[in-house]
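Student: The structure's right below; bear with me while I get my questions together.
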Amino acid sequence: MIPTPVIIDLSEWQLPEEIDYKKLAQNIDGAIVRVQYGSLHRDVHFETHLKKLQEHQIPVAVYAWVRGTSLVDMKQEARDFYQRAKRFQPTFWWLDVEEKSYFDMRSGCESYRQELKRLGAKKVGAYIANHLYRQFNLAVEKFDAIWIPAYGQNNGRYEGFNPTCTNRYDIHQYTSNGRIPGYKGPLDLNRLTAGKDFATLFGTKNLEGEKPNSVAGNSTADGTKGGLAKMKTITLNTSVYLRKKADTKGQVIALMKKGDQIKFDDIILNQGYLWGVQPRTKGSKGYVALGKITSYGKIK
């Protein structure tokens with residue numbers, strides 16, 4: 001199985017000319033893009049990846065492979081990382097810690113983290129190799145999230161194999177052989193655990209810039225006969241996506257969480273779901289799956 005939300009990570013190994021960004025964006029929810037391998041190597045395609053993904057409304061985070069050999073080096077890598085990626089306003093900044101480049105990786109990575117924070121990075125996390133987690137002994141409690149790789153059979157699916165170094169992590173990279181429409185080669189796939197939610201790691205950016213539950217007047221659903229419902233409010237009793245289309249693979253506008261309220265003024269049927277249609281600004285619409293009307297929440 002491929003857990004949702006679908007989160008990929010990309011580097012220069014995934015060539016832009018081999019990616020159909022539009023199709024890829026229709027099948028993923030978030031992406032984490034490598035910016036550098038140490039200070040000296042700037043990832044060749046990171047700007048293209050970030051620009052194309054953002055053009056298709058995919059929230060992006062960034063990561064950098066840590067190679068500092070001193071505290072001075074660690075701070076310089078942080079400065080280079082920040083200067084290279086800041087204009088893309090990533091939702092999260094990740095340190096990729098997979099090699100022992102400094103004799104005390106704990107103090108080195110803490111120095112790196114502090115420098116990123118000083119520069120203005122609001123959320124900083126650590127990706128730590130499963131087999132090196134205990135050896136590095138990073139101050140994980142000071143990071144805003146932890147990301148651990150552990151592949152099991154590495155067959156492209158998640159089949160229950162989890163990291164063995166700790167049970168406190170927020171993202172699990174469960175395969176390097178994932179397959180997603182829009183790219184023919186293998187991709188790293190990641191799943192959320194019971195730690196931080198999607199909104200914390202990737203925000204709730206939407207297509208129009210307004211709040212997910214804002215209302216901009218009555219409208220009818222595209223290609224359907226409207227007037228099936230007066231303005232209603234659903235209070236969610238589970239998390240559910242607000243999408244650009246009434247389609248379970250439609251572009252995500254936002255992840256709505258349990259307890260959120262969504263207003264809608266029409267109902268349509270597609271793919272066996274009832275979809276509430278939310279009027280938005282500039283004549284656009286959002287769609288939320290209601291199940292059998294009451295399966296996701298109480299409508300009043």
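Residue numbers 1 to 300, in full-length UniProt numbering, belong to the letters of the sequence shown in order. For every residue, glycine included, the Cβ atom is placed at its ideal position computed from N, Cα and C. Here the structure is a predicted model, which means the values were calculated and not measured.
For Ala-31 and Lys-22, I'd like the C-alpha separation in whole angstroms.
Tutor: 14 Å
Student: Helix, strand or coil, according to DSSP, for Tyr-21 in the structure here?
Tutor: Reduced to three states, the DSSP call for Tyr-21 is helix.
Student: How many Å lie between Gln-89 and Leu-290 at the Cα?
Tutor: 33 Å
Student: Alpha carbon to alpha carbon, how far is Asp-266 from Asn-162? Give it in angstroms, no decimals.
Tutor: 42 Å
Student: Thr-235 lies in the beta strand (DSSP E); which residues open and close that run?
Tutor: 232-236
Student: Using DSSP's beta-bridge definition, name the partner residues of Asp-188.
Tutor: Asp-9
Student: Quick check: the region 175-189 against the region 142-157, are at least 3 beta-carbon pairs closer than 8 Å?
Tutor: Yes: at least three Cβ pairs fall under 8 Å.
Student: Where does Met-1 fall in DSSP's three states?
Tutor: Met-1 falls in the coil class under three-state DSSP.
Student: Just the C-alpha distance for Val-140 and Gln-36, rounded to the nearest angstrom, thanks.
Tutor: 22 Å
Student: What would DSSP say about Arg-280, mapped onto helix, strand or coil?
Tutor: coil
Student: Using 8 Å for Cβ pairs, my map puts Lys-75 next to Tyr-112. What's the rounded Cβ distance?
Tutor: 7 Å
Student: Since Glu-115 contacts Ala-64 with CB under 8 Å, what's their CB separation in whole angstroms?
Tutor: Going by Cβ atoms, the distance from Glu-115 to Ala-64 rounds to 12 Å, so no, they are not a contact pair.
Student: Cα-Cα, which of Leu-24, His-56, Gln-14, Asn-27 is closest to His-45?
Tutor: Gln-14
Student: CA-CA distance, residue 302 and Arg-42?
Tutor: Limits of the chain in this structure are 1 at one end and 300 at the other, which puts residue 302 out of reach.
Student: Kindly indicate which residue of Tyr-102, Gly-108, Gln-54 has the alpha-carbon position closest to the one of Thr-91.
Tutor: Gln-54
Student: Taking DSSP as the reference, what is the three-state secondary structure of Gly-182?
Tutor: coil
Student: From this set, Ser-101, Asn-130, Tyr-273, which residue's C-alpha is nearest Leu-248's C-alpha?
Tutor: The amino acid occupying residue 248 in the given sequence is Thr; Leu does not appear at that position. Residue Tyr-273 is the option with its Cα nearest to Thr-248.
Student: Quick check for students: name the residue ranges of the beta strand (DSSP E) that lie wholly in the region 71-147, counting only runs of 3 or more.
Tutor: Listed in chain order, they are 93-97, 124-128.
Student: Express the C-alpha separation of Val-62 and Lys-123 in angstroms, rounding to a whole number.
Tutor: 11 Å
Student: What separation, rounded to the nearest whole angstrom, lies between the Cα atoms of Leu-10 and Asn-130?
Tutor: 20 Å
Student: For Phe-264, report the span of its beta strand (DSSP E) as first-last.
Tutor: 261-264
Student: Taking Gln-54 as part of the alpha helix (DSSP H), name the residues at either end of that continuous run.
Tutor: 46-55
Student: Starting from Leu-15, follow its DSSP beta bridges and name the residues at the other end.
Tutor: In the DSSP output, where bridge partners are listed per residue, Leu-15 has none listed.
Student: Can you list, in chain order, the residues of its chain with a C-beta nearer than 6 Å to that of Glu-18? Leave out the 5 residues immediately preceding and following it.
Tutor: No residues qualify anywhere along the chain.
Student: Once you ignore the five residues that flank Val-66 on each side, which residues in its own chain have a CB closer than 7 Å to its CB?
Tutor: Glu-77, Leu-95, Asp-96, Val-97, Ser-101, Cys-109, Tyr-112
Student: How about Tyr-183 and Arg-243: do their beta carbons lie closer than 8 Å?
Tutor: Contact flag unset, no.
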